[in-house]
Amino acid sequence: PSGEAFNEISVDRATKIPKNPMINAGAIAAVSLIPADTPDERFALIQDFYSAFAGRRLELDHDVYASEKATGSRNRAIGYMLQSFGVLDGDPDEVLDVYYRQCSLRVTSTDLAKMGATFARGGVNPQTGRRVTGASVIKRTLSVMVTCGMYDAAGDWVSAVGMPAKSGVGGGIVAVLPGQLGIGTYSPLLDEKGNSVRGVRLCRSLSEHLGLHFLTVSRDSRATLRATYDAAPGIRVYETHGDLLFSGAEQVVRRVDRERDNFGIAILDVSRVDDIDDAARALLAGMSAALRAEGKDGYLVDPDGIVIRNRPELEAVRFRTADDAVA
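First residue of the sequence shown: -9, per this note's numbering; consecutive thereafter.
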């Protein structure tokens, strides 16, 4: 991956394959790889896929398509160059026609935001509930967006804004904060890199004021612990919420360990947790064992069984409500 100008004629020196799928050369090669018998079928697959991300049927802007086709001399040069390298799968003119059509699908800022939100949810459209693509595809795509999505301004963007993003020379930007939100902007005035001037400015402002940079470190336990309280003398309850992943579970375990002299029974309430990974499960199981080794009890409020999955040893300390655990 590399941040480059949108119309850069860029290929790997050894393989002659485009290095960057986020600029024209890589995008043209990618279009040729879509399995279909005809150009119309290939475009229909792209149109359906984009529409699923937006949550509505996207239509072709015929005027933009005609303009793209009439002024695409450089893209035609790229297409024939790729064919000469044996990279392009198909007739260059047919591939380019599909490429021009996919570049001419009409979207709104709301559509872009929904696309970003679908990326943020790991491939599930939050409005329709439909899984558009797999989480592994989202992970790889967001990785490329971080390094390549803003053309040769990608480095400045990551430093200042800190979200995977993709811009277009039409003036649109879609930005993603994984697990949280998507942003869509449109303003046609472009800077020297080919990115929307006002779109970049808006995203930067949102990131600064709302703390959206993906490398922002949350304060201790804030992201996972919802509340801590004593339900009775010697009984302390730790309520968690959101996604309980390894880093969050470690924060909880450290907090319980620091306060172990203040209770005889610790109750971990995960009833408001949305998701948990195996590493977090292992940490919590280890915490329960460590408490028992010190002569203390560790109980679990886990009505849906998300923590005890593949951890049968925790079934004996599992309760459906905090009141049941206290009793």
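Glycine included, C-beta positions come from ideal geometry on N, C-alpha and C.
From what residue to what residue does the alpha helix (DSSP H) around residue i run?
i	result
G145	A144 to A150
E106	It is worth fixing the name first, because residue 106 is Gly in this sequence and not Glu. Note, G106: alpha helix (DSSP H), S99 to A110.
L274	D268 to A283
D287	Looking at the DSSP string, D287 is not in any alpha helix (DSSP H); the run it does join, the beta strand (DSSP E), is D287 to V291.
M71	S63 to S74
Q170	Where Q170 is concerned, there is no enclosing alpha helix (DSSP H), given that its DSSP letter is neither H nor E.
H203	Segment: none, H203 is in no alpha helix (DSSP H) and carries neither H nor E.
L35	P29 to A44
V54	H52 to A60
P87	Note on identity: in this sequence residue 87 is Asp, with Pro being the wrong assignment. P82 to Q92 is the extent of the alpha helix (DSSP H) around D87.
A312	A312 to V316
Per DSSP, what kind of secondary structure is residue i in: helix, strand or coil?
i	result
V159	coil
G232	strand
V122	coil
E18	It should be noted that the sequence gives Ile, not Glu, for residue 18. Three-state result, I18: helix.
L179	coil
D259	strand
T218	strand
R226	strand
V246	helix
V297	coil
D265	strand
V164	strand
L132	helix
L304	helix
V114	strand
S0	coil
L196	helix
S211	Caution applies to S211, whose pLDDT of 42 falls short of 50 and renders its modelled position unreliable; the model cannot decide the point.
How big is the Cα-Cα spacing for residue i and residue j?
i	j	result
E305	A279	13 Å
R66	L192	34 Å
T61	Q73	20 Å
A256	G112	34 Å
R310	D292	6 Å
L102	H203	19 Å
I298	D265	13 Å
D181	A143	10 Å
E240	R271	10 Å
A4	V134	21 Å
W147	A42	27 Å
L35	Y70	24 Å
Y55	L48	14 Å
E(-2)	D53	25 Å
Would a C-beta distance cut-off of 8 Å place residue i and residue j closer than the cut-off?
i	j	result
T206	V242	no
V40	K59	The question names Val, but residue 40 is Tyr in the sequence shown. Not closer than 8 Å, so no.
G288	V316	no
A275	E249	no
M153	S195	no
R121	V114	yes
G184	F(-4)	yes
K9	V1	yes
L95	Q37	yes
D259	T230	yes
F109	K6	no
G172	G106	yes
A312	V227	yes
I225	V263	no
F236	A283	no
C138	M12	yes
S149	S186	no
K129	Q117	no
Return the Cβ separation of residue i and residue j in integer angstroms, given the expectation that the two are a contact with Cβ distance under 8 Å.
i	j	result
V97	A165	So it is not a contact: roughly 15 Å between Cβ atoms.
D79	P29	The Cβ separation is near 13 Å, so there is no contact.
R99	Y176	The amino acid occupying residue 99 in the given sequence is Ser; Arg does not appear at that position. About 5 Å; that satisfies the 8 Å criterion.
At a cut-off of 7 Å, is residue i close to the ligand HEM when judged by its beta-carbon and the heavy atoms of the ligand?
i	result
N252	In the structure on display, the ligand HEM does not appear, and there are no ligands present to speak of.
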